[in-house]
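S.K.: Residue numbers (the working numbering): 32 to 453.
And the structure:
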């Protein structure tokens with residue numbers, strides 16, 4: 032059966048509690064689009080769609096003529112499908128996990144370790160750190176997408192220390208003073224920022240819960256009196272507090288940038304970058320790993336020491352967190368999101384209404400194709416038969432295979448493609 036190198040997938044859904052519920056969820060909509068017989072429960076969260084071969088969510092092959100049932104099994108049989116460079120560089124494994132996320136309530140504030148730290152953590156605490164890989168990731172907004180990402184410029188943090196006495200109380204006078212006097216000296220600023228953040232994160236629970244309650248009460252009263260609470264980041268604080276009452280993560284909004292991505296905009300999260308997704312739908316691609324060091328907005332294991340040691344304490348503006356995409360010089364329909372890691376690249380393919388026949392070009396890497404909008408018939412010399420592609424369809428394409436799309440929808444097509452361009 033080696034000749035079949037292009038086939039459709041049925042992908043795993045994760046029903047994490049933070050997901051959007053029922054058909055409000057982009058994930059649920061894509062699942063129904065890809066399989067009209069799928070049952071979506073109206074009161075259940077549909078948080079993530081996993082397109083890949085990760086053991087916690089290995090995609091099913093949607094073709095009963097192929098003896099292997101999952102993508103992971105198939106790749107293990109035919110590692111050549113990865114492309115020779117990818118196969119050698121990533122030990123015969125698909126190096127990326129492609130996802131769609133539908134976020135209703137905030138995900139935990141977290142960071143992902145680099146390879147060196149991942150190996151150490153996995154060796155010491157395998158129950159919390161399941162593998163030894165790094166986990167850079169990129170999010171591309173499908174709807175307006177809100178998140179926290181990276182440390183704010185120091186002036187902004189100092190502004191909050193002045194305007195929010197409850198925040199100042201947790202950081203303490205010494206650390207706050209150290210940050211103030213470090214301005215202009217990059218190395219000292221980094222050290223002072225680390226000290227401030229670590230002080231806050233290692234506060235005794237009773238202390239920070241009291242300060243948080245005080246802050247929530249004050250902002251609620253000021254808001255009710257018609258006052259502007261933006262100098263305390265009031266709206267966001269109340270929203271996070273309603274989702275995670277008494278959680279230290281609520282205070283992190285004074286340290287981290289609030290980033291809003293419009294559809295098509297992206298952010299790239301390298302190793303040790305603190306971040307949290309707050310609301311919206313996105314495409315996400317990451318190295319195939321599950322390593323996460325958490326810091327708040329969570330009921331899961333929090334590893335404060337590791338987190339405070341590992342973070343990247345380089346202040347930068349919110350606008351600098353938006354990752355630039357570039358037009359593919361070889362194809363006007365393709366936008367490239369090409370991060371500074373070898374594990375993955377994402378392409379957005381927009382076929383205009385005027386184009387009825389479009390070829391998804393071959394690349395020297397296995398890739399996964401997801402239809403976000405539009406309908407087409409997909410043909411490939413490496414497929415058994417034509418595949419009907421519509422919103423929610425997912426296609427696995429082996430390295431060096433091209434796919435011809437005959438577009439039938441009047442308004443064109445939008446697809447995303449993940450691969451590894453070494």
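Even glycine gets a Cβ: it sits at the ideal position worked out from N, Cα and C.
1) Should residue 61 and residue 427 be called a contact, given that it needs their Cβ atoms to be closer than 8 Å?
2) What is the DSSP secondary structure of residue 61, reduced to helix, strand or coil?
3) Measure from the alpha carbon of residue 223 to the alpha carbon of each residue in 178, 156, 343, 318, then state which is nearest.
4) Grab the span of the beta strand (DSSP E) containing residue 201 for me, first residue to last.
5) Alpha carbon to alpha carbon, how far is residue 38 from residue 195?
6) Cα separation between residue 192 and residue 349?
7) Should residue 34 be labelled buried (16 or more other beta-carbon atoms within 10 Å of its own) or exposed?
8) Quick one: is residue 121 buried, meaning 16 or more other Cβ sit within 10 Å of its Cβ, or exposed?
9) Grouping DSSP H, G and I as helix and E and B as strand, with all else coil, what is residue 419?
10) Between the beta-carbon of residue 280 and the beta-carbon of residue 327, is there less than 8 Å?
11) Bridge partners of residue 458, per DSSP?
12) Among the residues of its own chain, which have a CB less than 8 Å from the CB of residue 164, if the five just before and after it don't count?
13) My assumption, with CB atoms under 8 Å, is that residue 204 sits in contact with residue 189. Please give the rounded CB distance.
14) What does the Cβ neighbour count give for residue 32, buried or exposed, with the cut at 16 atoms within 10 Å?
15) Is DSSP giving residue 454 helix, strand or coil here?
16) Check whether the Cβ atoms of residue 102 and residue 78 sit closer than 8 Å, and answer yes or no.
17) Using the Cβ count rule (16 or more neighbours within 10 Å means buried), how would you classify residue 302?
18) So if DSSP puts residue 71 in a beta bridge, which residue, or which two residues, is it bridged to?
19) With DSSP collapsed to three states, give me the class of residue 250.
20) For residue 227, which residues from the same chain have a beta carbon less than 6 Å from its beta carbon, with the 5 sequence-adjacent residues on both sides left out?
21) Is the beta carbon of residue 187 closer than 8 Å to that of residue 246?
22) Would the segment 425-440 and the segment 396-404 be scored as touching if the rule is three or more Cβ pairs under 8 Å?
23) Could you give the first and the last residue of the continuous alpha helix (DSSP H) run that contains residue 337?
24) Candidates 439, 444, 438, 423: which alpha carbon is nearest residue 68's?
25) Do residue 294 and residue 173 come within 8 Å of each other at the CB atom, strictly closer than that value?
26) When burial is assigned at 16 or more other CB atoms within 10 Å of the CB, is residue 336 buried or exposed?
27) Return yes when the C-beta of residue 190 is under 7 Å from any heavy atom of the ligand GTP, and no when it is not.
M.R.: Working from what's here:
1) Position 30 of the chain shown, counting from 1, holds the residue named residue 61. Position 396 of the chain shown, counting from 1, holds the residue named residue 427. Cβ distance not < 8 Å, so residue 61 and residue 427 don't count as in contact.
2) Mapped onto the chain shown, residue 61 falls at position 30. Three-state DSSP puts residue 61 in a helix.
3) Taking the chain shown and counting its residues from 1, the one referred to as residue 223 is at position 192. Taking only the C-alpha atoms, the option nearest residue 223 is 343.
4) Locating residue 201 in the chain shown gives position 170, counting from the first residue. Unbroken run through residue 201 is the alpha helix (DSSP H), 196-202; no beta strand (DSSP E).
5) Residue 38 sits at position 7 when you count from the first residue of the chain shown. Residue 195 sits at position 164 when you count from the first residue of the chain shown. Their Cα atoms are separated by approximately 56 Å.
6) Within the chain shown, the letter at position 161 stands for residue 192. Within the chain shown, the letter at position 318 stands for residue 349. Cα to Cα, the separation comes out at about 19 Å.
7) Along the chain shown, one-based indexing puts residue 34 at 3. Exposed: under 16 other Cβ atoms inside 10 Å.
8) Locating residue 121 in the chain shown gives position 90, counting from the first residue. The residue is buried, with at least 16 neighbouring Cβ atoms inside 10 Å.
9) Numbered from its first residue, the chain shown carries residue 419 at position 388. Residue 419: strand per DSSP, three-state reduction.
10) Position 249 of the chain shown, counting from 1, holds the residue named residue 280. Position 296 of the chain shown, counting from 1, holds the residue named residue 327. Yes, the pair counts as a contact, with Cβ atoms nearer than the cut-off.
11) Any property of residue 458 remains undetermined from this structure, which presents the chain solely from 32 to 453.
12) Numbered from 1 along the chain shown, position 133 holds the residue referred to as residue 164. Excluding positions up to five away in sequence, the list reads 146, 149, 318, 319, 320, 322.
13) On the chain shown, position 173 is the one that residue 204 refers to. On the chain shown, position 158 is the one that residue 189 refers to. Actually they are not in contact, since the Cβ atoms of residue 204 and residue 189 sit about 13 Å apart, beyond 8 Å.
14) Walking along the chain shown from the start, residue 32 turns up at place 1. Low confidence applies to residue 32: its pLDDT is 47, below 50, so where it sits in the model is not reliable enough to give any reading.
15) The requested residue 454 does not occur in the structure, where the chain is confined to residues 32 to 453.
16) If you number the chain shown from 1, residue 102 lands on position 71. If you number the chain shown from 1, residue 78 lands on position 47. No, the pair does not count as a contact, with Cβ atoms beyond the cut-off.
17) Here residue 302 refers to the residue found at position 271 when the chain shown is read from its first residue. Buried.
18) Working through the chain shown from its first residue, we reach residue 71 at position 40. Residue 71 pairs with nothing; no bridge assigned.
19) Counting from 1 along the chain shown, the entry for residue 250 is found at position 219. Here residue 250 sits in helix by DSSP.
20) The residue labelled residue 227 in the question sits at position 196 within the chain shown. Excluding residues within five positions, the ones whose Cβ falls inside 6 Å are 202, 206, 210.
21) Along the chain shown, one-based indexing puts residue 246 at 215. Along the chain shown, one-based indexing puts residue 187 at 156. Not closer than 8 Å, so no.
22) yes
23) Residue 337 sits at position 306 when you count from the first residue of the chain shown. 335-341 is the extent of the alpha helix (DSSP H) around residue 337.
24) As a position in the chain shown, residue 68 is number 37, starting the count at 1. Per the Cα distances, 423.
25) Position 142 of the chain shown holds residue 173. Position 263 of the chain shown holds residue 294. Yes, these two residues count as a Cβ contact at 8 Å.
26) Numbered from its first residue, the chain shown carries residue 336 at position 305. Per the 10 Å Cβ criterion, exposed.
27) You won't find the ligand GTP in this model; it holds no ligand whatsoever.
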